[in-house]
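Visitor: One structure follows; several queries about it will come next.
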Amino acid sequence: MPFRPPLVAHEYFSADPPELPRRAYGEHGPESVVWAELTGKDSTGATLHAHTDAGTTLQLHVGAAGDGILRVRLSEESGARSRSARLLPLTQPDPGAVATVVTGENTVTVTAGPLTAEVTLSPWRLSFHDADGRRLLGADPGLTDISGRMRTLPLGCSRVDGRIVAYHESFLMPADEVLSGTGERFTALNLRGQRPVMWNFDAFGSESDRAYKNVPFYQSSKGYGIVVDSGMPVEFDFGASTGSVTQLIVPDDLIEYYVLAGPTPADVLARYNALTGRPTCPPKWAFGSWISSGFCRDTQEQVLARAATIRAHGIPCDVLHLDTYWQAEGTWSHLLWDPAAFPDPDAMLATLHKQGFRVCVWMNSYLSHRTDRFAEAAERGFLLRRADGAVYVADSWHGSFPAGGIVDFTNPEATAWFQDLLRPLARQGVDVFKTDFAEGVPADAVAFNGMTGTELHNVYALLFNDAVAEVTREVHGHSTVWGRSSYLGGQRHAAQWGGDTMCSYEAMASSMNGGLAHGLSGVPYWSHDSGGFCGTPGDDLYLRWAQFGALSPLVRFHGTTTREPWRFPAVEADVIEALRLRYRLLPYLYSAALRSAETGEPMMRALGVDTPADAASWRAEHVYRLGTELLVAPMISASQQRDVYLPPGEWVDWWSGDVIVGGVTSRVAPPLTQLPLWARRDALLPVTAPAAHLADGPWAQLTLLSFGGGDAVSEIRDDGYVSTVAARRDGDTLSVTIAGPARVTAIAFPTVAGGTPPATVLVNGVRATLGPVDGLLTATWQAPGD
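Below is the structure:
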């Protein structure tokens, strides 16, 4: 584990991971594979006996798991499985995957589509190559120093008292390689020099190497990805110990990793989805704004007043979130309305729905020991236990609220019981649940199915969110949650938010990195607490964070104090304008969201996703593309100025129309009312008129924004259809072809420096009317059927 300052109180956590044993002075080192012999080959791959320098023999298989996906498995017993796999599979290899195996005198090659593993049997060597023969990565044979001691952990295992405690593998890491991913990582996007442990933490913010959402998957600027199939506290050492080597340490019954071919991040993510499941897109209304009560005492009267104020002030909003205090204090989370504060929740929910709001309520899987729910669950064996059989009462609130039991989702009866607590709330009118916490399974707990807390800890988040999502799918037809913790395959749980950030520019910036890293880890639908969670933001920070939120995949205002826009009167109007911009862009954003469900690509895209050949894009931080056509650079300093790297291409300033040719870093200092925002030149964006909330059904009327009036293609996705718009410029004429049911009725031409808008616009061969609308030159026509 990384060094922890011993006097920092918040570093203590009731569910810290167990550390691997350390070798004593003079103790034998790791057992490393030094040669192998082929024992079998078939259409799945090659099976080998792997012989170590300690004279032991391990079982090794290199085979296909899908097109462009190769799997490497090393274990003591050939049938070994991950200790977490007894509960649920984290990966789903293609059962029909076929490998081509070619053997030589001292070599074996295994090919799956565009990816080949090349094995040298003696001495042992392993490398992976693309379809052109280019080496993507090579295993490290082990580095020794002048003393003869091994400094890295090549393929092999380590034992304590004769028992294997961990397997390991190492890869060479070229000096110009950038590695990114491993979940919602709040540190630098480039993982080089970091050593993250895949263990879900209550991270106490967004500014440390602790993560609420770990995903043992990363990808490289060299054009490949690595997935480790284990729910245990896997450790990745990205050159922290030795700068030229990435090391995988897996404290499980085997090491099982997959190499995913690129060459682009989009290709890697498509293969990751094939292996772990596709993302689940939230319903359209979830992309509207969410406004929370905050972590504040609340009442039915206050909720109704909040809703009325939102509508009276013209604040676009689709979801009202009720945090902890919809339940009585000290009873969290027994899933019952506080009868004193909420005397008639049925009437309240009915009123809110009539006003166009969906309702989300906070909950978690911890039961305060003071509640009848705890007593019932303990008696029926529905809670995690200690080794002696006693109920495990954990300090999940770190002393600030009563300790409680943890619902044991490995027990099917406990899961059904917990879901029966949620169903009445969903049927009553609660549309979605905020699934908070779930990082708190202690390492020494024991589950109903016999798993230890260490084995259960990470995958517990998947079980919790699965149970809740099943209820909302049954009652409301969607499986959306608002989740804090996740793990490998958790992209099936939308949405996820970045946890308990501090109220500072620095925390906003590190939170942004978390979202970008999570997107590179296969999770498209991410958000954060706009305004920051812990504390009270100043006006400027509140506005800047609201602007960031408005141009994030999803947006929610929440904190320990209120984040209601009217509580910040000096900037309320500007916050509303930021949300109106979001609502105007929602056809574009929702199109991107639906595409992400098909491809696994992030909505909030680190620059390397779209310009992978540009080395600087892989190293750019605190800037992202939202969809493919917009570039966003939230302000991350109270100085109100920053440097922004713009990737190759031409970028049109949203506010001024100035054009910047990319591949450069630009210093920006926008007024407080403007978030740095650019559109790709000739982008064709579908937009609509902002509304108080989103209506059900397809977009009633769409306008296309053409940034330059040039050649472009745009897809408009909506529930149940995909429409395609193609624009082609010939002299002063722009010919537009619209195929599909999208109700596009106009094309507007924002000012672009050095550009000339068309003099004639033809839409499906018919001349449109050209004139000013809302200050922009606009071509208009009637949609078919009007």
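Numbering (our numbering), first residue to last: 151 to 936. Ideal Cβ positions, reconstructed from N, Cα and C, are used throughout, including at glycine.
Which word fits residue 151, buried or exposed, when buried means at least 16 other C-beta atoms lie within 10 angstroms of its C-beta?
Guide: Stepping through the sequence shown from its first residue, residue 151 is reached at position 1. Confidence is the limiting factor: at residue 151 the pLDDT is only 45, short of 50, which leaves the residue's position unreliable, though a coordinate-based value still follows. Counting Cβ neighbours within 10 Å, residue 151 comes out exposed, since fewer than 16 surround it.
Visitor: Just to confirm my understanding: we take residue 207, look at its own chain, exclude 5 residues before and 5 after, and list those with CB closer than 6 Å. What are they?
Guide: In the sequence shown, the residue the question calls residue 207 occupies position 57. Cβ within range, chain order: 199, 201.
Visitor: Are the beta-carbon atoms belonging to residue 911 and residue 929 less than 7 Å from one another?
Guide: As a position in the sequence shown, residue 911 is number 761, starting the count at 1. As a position in the sequence shown, residue 929 is number 779, starting the count at 1. Going by C-beta atoms, residue 911 is nearer than 7 Å to residue 929.
Visitor: Under 7 Å, do residue 359 and residue 332 count as touching if we go by C-beta distance?
Guide: Within the sequence shown, residue 359 is the residue found at index 209, counting from 1. Within the sequence shown, residue 332 is the residue found at index 182, counting from 1. Not in contact: residue 359 and residue 332 (Cβ atoms no closer than 7 Å).
Visitor: Considering only their Cβ atoms, is the gap separating residue 641 from residue 618 smaller than 7 Å?
Guide: Working through the sequence shown from its first residue, we reach residue 618 at position 468. Working through the sequence shown from its first residue, we reach residue 641 at position 491. For residue 618 and residue 641, no; Cβs fall outside 7 Å.
Visitor: If you count every other CB in all the chains shown that lies within 10 Å of the CB of residue 165, and 16 or more means buried, which is it?
Guide: Here residue 165 corresponds to residue number 15 of the sequence shown, with the count starting at 1. The residue in question, residue 165, is buried, as its Cβ has 16 or more Cβ neighbours within 10 Å.
Visitor: With a CB to CB cut of under 7 Å and the five nearest residues on each side skipped, what residues in its chain are close to residue 907?
Guide: The residue labelled residue 907 in the question sits at position 757 within the sequence shown. 859, 899, 927, listed in sequence order.
Visitor: For the beta strand (DSSP E) that contains residue 279, what are its first and last residues?
Guide: The count along the sequence shown starts at 1 and reaches residue 279 at position 129. Counting along the chain, the beta strand (DSSP E) containing residue 279 begins and ends at 275-279.
Visitor: Ignore the nearest five residues each way along the sequence and tell me which others in residue 761's own chain have a CB closer than 7 Å to its CB.
Guide: As a working mapping, residue 761 is identified with position 611 in the sequence shown. So the list reads 767, 797, 798, once near-sequence residues are dropped.
Visitor: Give me the Cα-Cα distance between residue 232 and residue 404, rounded to the nearest whole angstrom.
Guide: Here residue 232 refers to the residue found at position 82 when the sequence shown is read from its first residue. Here residue 404 refers to the residue found at position 254 when the sequence shown is read from its first residue. So the two alpha carbons sit approximately 7 Å from each other.
Visitor: Kindly indicate the opening and closing residues of the beta strand (DSSP E) around residue 369.
Guide: Taking the sequence shown and counting its residues from 1, the one referred to as residue 369 is at position 219. Per DSSP, residue 369 belongs to the beta strand (DSSP E) from 364-370.
Visitor: Would you give the residue range spanned by the beta strand (DSSP E) that residue 864 belongs to?
Guide: Along the sequence shown, read from residue 1 onward, the residue named residue 864 stands at position 714. Taken as a continuous stretch (DSSP letters only), the beta strand (DSSP E) holding residue 864 covers 862-868.
Visitor: For a minimum of 3 consecutive residues, which ranges assigned as the beta strand (DSSP E) are wholly contained in the stretch 844-917?
Guide: As far as the stretch 844-917 is concerned, its whole beta strand (DSSP E) runs of at least 3 residues are 852-856, 862-868, 871-880, 883-889, 894-899, 910-913.
Visitor: The beta strand (DSSP E) spanning residue 319 covers which residue range?
Guide: Along the sequence shown, read from residue 1 onward, the residue named residue 319 stands at position 169. 313-322 is the extent of the beta strand (DSSP E) around residue 319.
Visitor: Should the stretch 736-744 be regarded as contacting the stretch 713-725, the criterion being three or more beta carbon pairs within less than 8 Å?
Guide: Result no; under three Cβ-Cβ pairs closer than 8 Å.
Visitor: Check each candidate in 225, 191, 235 and name the one with the smallest Cα separation from residue 257.
Guide: In the sequence shown, counting from the first residue as 1, residue 257 sits at position 107. Nearest option by C-alpha distance: 191.
Visitor: With a CB to CB cut of under 6 Å and the five nearest residues on each side skipped, what residues in its chain are close to residue 593?
Guide: Locating residue 593 in the sequence shown gives position 443, counting from the first residue. Cβ neighbours of residue 593 beyond the five flanking positions: 168, 603, 604.
Visitor: Please classify residue 450: does DSSP put it in a helix, a strand, or coil?
Guide: Looking up residue 450 in the sequence shown gives position 300. DSSP places residue 450 in helix when its eight states are reduced to three.
Visitor: With hydrogens ignored, establish whether the beta-carbon of residue 431 is closer than 6 Å to any heavy atom of the ligand FAD.
Guide: Summarising the ligand content, the structure contains no ligands, and the ligand FAD is consequently not present.
Visitor: Any idea if residue 932 is buried or exposed, counting beta-carbon neighbours within 10 angstroms, 16 or more meaning buried?
Guide: If you number the sequence shown from 1, residue 932 lands on position 782. Residue 932 is exposed by the Cβ-count criterion.
Visitor: I need the boundaries of the alpha helix (DSSP H) containing residue 726, first residue and last residue.
Guide: Along the sequence shown, read from residue 1 onward, the residue named residue 726 stands at position 576. Residue 726 -> alpha helix (DSSP H) spans 722-749.
Visitor: If you reduce the DSSP assignment to three classes, tell me which class residue 151 lands in.
Guide: Taking the sequence shown and counting its residues from 1, the one referred to as residue 151 is at position 1. Reliability fails at residue 151, whose pLDDT of 45 lies under 50, so the model's placement of it is uncertain and the value that follows must be treated cautiously. Coil.
Visitor: For the beta strand (DSSP E) that residue 221 lies in, which residues bound it at each end?
Guide: For this step, residue 221 is matched to residue 71 along the sequence shown. Its beta strand (DSSP E) spans residues 219-225.
Visitor: DSSP three-state label for residue 587, please.
Guide: By 1-based counting over the sequence shown, the position of residue 587 is 437. Of the three classes helix, strand and coil, the one that applies to residue 587 here is coil, per DSSP.
Visitor: The beta strand (DSSP E) spanning residue 572 covers which residue range?
Guide: The residue given as residue 572 occupies position 422 in the sequence shown. Where residue 572 is concerned, there is no enclosing beta strand (DSSP E), although the alpha helix (DSSP H) it sits in stretches over 562-578.
Visitor: With a 10 Å radius around its C-beta and 16 neighbouring C-beta atoms as the bar for buried, classify residue 643 as buried or exposed.
Guide: Working through the sequence shown from its first residue, we reach residue 643 at position 493. By the 10 Å Cβ count, residue 643 comes out buried.
Visitor: In whole angstroms, what separates the C-alpha of residue 170 from that of residue 376?
Guide: Counting from 1 along the sequence shown, the entry for residue 170 is found at position 20. Counting from 1 along the sequence shown, the entry for residue 376 is found at position 226. The alpha-carbon atoms of residue 170 and residue 376 are separated by roughly 23 Å.
Visitor: Since residue 929 is in the alpha helix (DSSP H), which residue starts that stretch and which ends it?
Guide: One-based indexing of the sequence shown puts residue 929 at position 779. Taken as a continuous stretch (DSSP letters only), residue 929 belongs to no alpha helix (DSSP H), being part of the beta strand (DSSP E) at 926-930.
Visitor: Quick check: what's the CA-CA separation for residue 615 versus residue 848?
Guide: Numbered from 1 along the sequence shown, position 465 holds the residue referred to as residue 615. Numbered from 1 along the sequence shown, position 698 holds the residue referred to as residue 848. Approximately 29 Å between the Cα atoms of the pair.
Visitor: Apart from the five residues on each side of it in sequence, which residues of its chain come closer than 7 Å, Cβ to Cβ, to residue 817?
Guide: Translated into positions along the sequence shown, residue 817 becomes position 667. So the list reads 791, 793, once near-sequence residues are dropped.
Visitor: For the pair the stretch 310-323 and the stretch 389-402, tell me if three or more CB-CB distances fall below 8 Å.
Guide: These segments touch.
Visitor: CB residue 219 to CB residue 536, shorter than 7 Å?
Guide: The residue given as residue 219 occupies position 69 in the sequence shown. The residue given as residue 536 occupies position 386 in the sequence shown. It is not a contact, given that the beta carbons lie outside the stated cut-off.
Visitor: One question on the structure: do residue 303 and residue 180 come within less than 7 Å of each other, judged by their Cβ atoms?
Guide: Against the sequence shown, residue 303 aligns to sequence position 153. Against the sequence shown, residue 180 aligns to sequence position 30. Yes, the Cβ-Cβ distance between residue 303 and residue 180 is below 7 Å.
Visitor: Identify, in the order they occur along the chain, each residue of the same chain with its Cβ nearer than 7 Å to the Cβ of residue 281, setting aside the five sequence neighbours on each side.
Guide: Here the question's residue 281 lines up with position 131 in the sequence shown. Contacts found: 264.
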